[in-house]
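Numbering (our numbering), first residue to last: 5 to 99.
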Amino acid sequence: MKQLQPSVMMVAIFPTTMKDRGIAHCVPKFSLGSRLVTCGEYLRFIEAGGYQQPEFWLSLGWMTVNEQRWEAPLYWEKRDGSMVAFHPFRISPGR
5 MKQLQPSVMM VAIFPTTMKD RGIAHCVPKF SLGSRLVTCG EYLRFIEAGG
55 YQQPEFWLSL GWMTVNEQRW EAPLYWEKRD GSMVAFHPFR ISPGR
């Protein structure tokens, strides 16, 4: 299994009605993409062991991954040895 390296620093601010309060979750560095992640990019995350490495999940998410035994997003599954993503109107390969 390929070891992924965390590269995100996340500081989440949750505004309230009266004043801003925040909860910070800090992890090593961060960068934001200028577009959404593609199915192919997410597939590489899955294949590299992203669902088996706790450093890519907040604690509640990691607990859910383990309790629910997630290995991929809800509408993704393996067919004939390949990951397939289901969309509302079509089935497409993850790549």
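Where a beta carbon is used, it is the ideal one built from N, C-alpha and C, also for glycine.
Status (buried if at least 16 other CB within 10 Å, exposed otherwise) for residue i
i, result
"N70", "exposed"
"M87", "buried"
"M14", "Low confidence applies here, because M14 scores a pLDDT of 42, under 50, leaving its location unreliable; read the following figure in that light. Exposed."
"F60", "buried"
Nearest neighbour of residue i, chosen from the options [CA to CA]
i, options, result
"A89", "S38, I50 and R39", "I50"
"L78", "T68, L62 and G85", "T68"
"W80", "C43, L62, W66 and S35", "C43"
Between the segment 37–55 and the segment 73–86, do at least 3 Cβ pairs fall closer than 8 Å?
-> Touching, yes, given that three or more Cβ pairs across the two stretches are closer than 8 Å.
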